[in-house]
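S.K.: What follows is a single structure, and I will ask about it in a moment.
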Amino acid sequence: MNFIQQMKPTFGNEEKKACIDYMESDGYITEHKKTKELELAISKFTNSKYCFMVNNGTISLSIALLAMGITKNDEVIIPNLTMVATANSILLIGAIPIFVDVDSDGLIDCKKINISKNTKAIIYVSLNGRSSNIYDIKKLCEDNRIFLLEDAAQSLGSYYDNRHVGTFGNIGSFSFSTPKIISMGQGGALITDDDILANNIKRIKDFGREKSGSDDFITFGINSKFTDLQAVIGIEQMKKLNKRIIRKKEIWNQYYNNLKDIDNIKFLNKNINPDEKNWLPWFIDIYTTDRDELSKYLYKNNIGTRKIYKSLHKETTYKNLINSNDKYHISDNLSDCGLWLPSYIELTNNEIDYICNTILNFYK
Ligand SMILES: *Cc1c(COP(=O)(O)O)cnc(C)c1O
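In the working numbering, each residue carries its 1-based index in the sequence shown increased by 1379.
Have a look at this one:
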C-alpha cells in the first residue's frame, strides 16, 4: 500500500487544457475576463450578488475588515479554535483579535461572547463546514450593530438551512489553497449582497482606486488582484464541485459507518446527516483521547493524518495577548483530541476500508 496522504488537490486534463488554451490566447495573465467569469460562477453557486477574487483566504479577511471600516485598535471577536490565518488577518490591519471559546460543534460559543464598546465585528468560522449556531450569532451582531464576517474558507459546498454558508454575514470569505475542496494553488474570494461593501472591496483590492484605469486613489488600498491564469483553472474546478460534494459525503458516510461503534472515537454532529443537502464535511474529523498514539500508529501503516489546530491562545504569536485568567476548556479539549483522517477527493473505497480496518486494529 502506497502512503495515503491526508489531503491533496486534484487537477485533471481539463485544467491542463484550459491553461494551454489560455496561454495561446493573447491574455495578459493578470486579472481580467476569466477572473470575471470565475467570480460569476461563484456568485451563482453561492447565490450572492457580488463576488471578488483575491490572492488568498487570509488577505481576503483583512480586505473584508477594511471594507467594513475596521481599523487600528478596533476589536474583532473570533473563535479560539480556527486556522491561525483568521487571527492573523486582524493583526495585519492593526486591530485586536479577541478569542472566545467554542461550543461542542467547534463553533464560537454565543453565550461566551462579551461585546464591548470597541467591538466592531465578529468573524464566524464555519469550522469543517459546520454552522449550526449561525442564526444566534447573526442576531447578536444585528442587535449590537456590529459586522458579521464569515470565514467560510472550509465551507464551499456547505449549506445551513438550505442557504450557502458565507451568505449569512455581511461578507463571506473563501479560500482555494491546496487543501480546500477546489483549488487554484492559491486564491480567495469574497462574497456579499451589500452594494457599499462590494464597492469598498473592489477599491481596496485595487490600490484604493476610484475605478479601474483611473489614477485617482481615493482611499488606502493594496494590490490583491487575482490572475486569469489561475482563473481558468478555477473555472474548471467549479465545474467539478457538485460531483466532489457528492463524493465527500460518500467518503464521510463510509468512515462513519465503519468507525461509529468504536467507544473511544467520537464524531461531532451525530444528528446531522451529510446526505442531506446541508452540511458538507471538508475533512473527516474524529475526536479521541488516544489521538497522538493513533496518529503515530496510522503513520507507521502508511496513513497520513493531521492534528486539528492548536487553540489560538497557545500559539506563540498570541500567547502574550491573552489574559491568563481566560478559560478555553472546550477549544482545548477539541484541539487535544481532534484528528483529521485522509479526506481527499480521489480516495478509493478500498483505501477507506484499509484506513478504518487499521483504526479497528489499533483498538483491538
Ligand atoms: C485555509 C483557511 C484560511 C486561509 O486561507 P489561505 O487561502 O490559505 O490564506 C483561513 N481560515 C480558515 C478557516 C482556513 O481553513
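Beta carbons are placed, not taken as given, at the ideal position from N, Cα and C, and that holds for glycine.
Using the C-alpha atoms, what's the distance from MET1432 back to GLY1566?
M.R.: For GLY1566 and MET1432, the distance between alpha carbons rounds to 7 Å.
S.K.: Is the closest heavy atom of ligand 1 to the C-beta of MET1386 under 7 Å?
M.R.: Checking every heavy atom of ligand 1 against the Cβ of MET1386, none is found closer than 7 Å.
S.K.: What runs of the beta strand (DSSP E), each 3 residues or longer, lie entirely inside the stretch 1560-1636?
M.R.: Those beta strand (DSSP E) runs which fall completely within the stretch 1560-1636 and span 3+ residues are 1567-1571.
S.K.: Relative to the C-alpha of PHE1741, which candidate in LEU1569, ILE1641, THR1557, LEU1726 has its C-alpha closest?
M.R.: Here the closest residue by C-alpha is ILE1641.
S.K.: Straight-line CA distance for SER1690 to ALA1466?
M.R.: So the alpha carbons of these two residues sit roughly 11 Å apart.
S.K.: When the Cα of THR1571 is compared with those of ILE1421, THR1557, ASP1711, ARG1509, which residue comes out closest?
M.R.: Comparing Cα positions, the closest option is ILE1421.
S.K.: Can you find the residues in the same chain that come closer than 7 Å, C-beta to C-beta, to CYS1735, ignoring five residues on each side of it along the sequence?
M.R.: Only TYR1634, ASN1637, LEU1638 meet the Cβ criterion.
S.K.: Going by the C-beta, is ASP1484 closer than 7 Å to any heavy atom of ligand 1?
M.R.: Incorrect: ASP1484 has no Cβ contact closer than 7 Å to ligand 1.
S.K.: Are the stretch 1501-1516 and the stretch 1528-1540 in contact at 8 Å, needing three or more beta carbon pairs?
M.R.: They touch, by the three-pair rule.
S.K.: Relative to ligand 1, is the shortest distance from any of its heavy atoms to the C-beta of SER1714 smaller than 7 Å?
M.R.: Because no heavy atom of ligand 1 lies under 7 Å away, the Cβ of SER1714 does not count as near it: no.
S.K.: Would you say the beta carbon of SER1556 comes nearer than 7 Å to a heavy atom of ligand 1?
M.R.: Yes, the beta carbon of SER1556 sits closer than 7 Å to at least one heavy atom of ligand 1.
S.K.: Spell out whether any CB of chain B is found under 8 Å from the CB atom of GLY1587.
M.R.: Looking for chain B here will not work: only one protein chain is present.
S.K.: With burial defined as no fewer than 16 other Cβ atoms inside 10 Å of the residue's Cβ, what is the status of ASP1488: buried or exposed?
M.R.: By the 10 Å Cβ count, ASP1488 comes out buried.
S.K.: Is GLY1567 close to ligand 1? I mean its beta-carbon at under 7 Å from any heavy atom of the ligand.
M.R.: Yes; taking the cut-off as 7 Å, the Cβ of GLY1567 has a heavy atom of ligand 1 nearer than that.
S.K.: Please return the same chain residues whose Cβ sits closer than 6 Å to the Cβ of LEU1569, not counting the five positions on each side in sequence.
M.R.: Within the same chain, LEU1569 has close Cβ partners PHE1431, SER1439, ALA1443, ILE1550, SER1552, ILE1580.
S.K.: Does the distance from the CB of ASP1671 to the CB of LEU1647 come in under 8 Å?
M.R.: Not a contact, by the Cβ cut-off of 8 Å.
S.K.: Roughly how many angstroms separate the alpha carbons of LYS1451 and PHE1526, rounded to a whole number?
M.R.: Cα to Cα, the separation comes out at about 16 Å.
S.K.: Please report how far the alpha carbon of THR1437 lies from the alpha carbon of VAL1463, in whole angstroms.
M.R.: The straight-line gap from Cα to Cα measures roughly 9 Å.
S.K.: The alpha helix (DSSP H) spanning MET1402 covers which residue range?
M.R.: Looking at the DSSP string, the run of the alpha helix (DSSP H) that includes MET1402 is 1392-1403.
S.K.: Straight-line CA distance for SER1749 to SER1556?
M.R.: Here the chain covers residues 1380 to 1743 and nothing more, so residue 1749 does not appear.
S.K.: Starting from MET1462, follow its DSSP beta bridges and name the residues at the other end.
M.R.: Per DSSP, none; premise fails for MET1462.
S.K.: Compare the beta carbon distance of ILE1614 and ALA1397 with 8 Å and say whether it is the shorter of the two.
M.R.: Taking 8 Å as the Cβ cut-off, ILE1614 and ALA1397 qualify as a contacting pair.
S.K.: For ARG1524, is the classification buried or exposed, using 16 other Cβ atoms within 10 angstroms of its Cβ as the cut-off for buried?
M.R.: Exposed is the call here.
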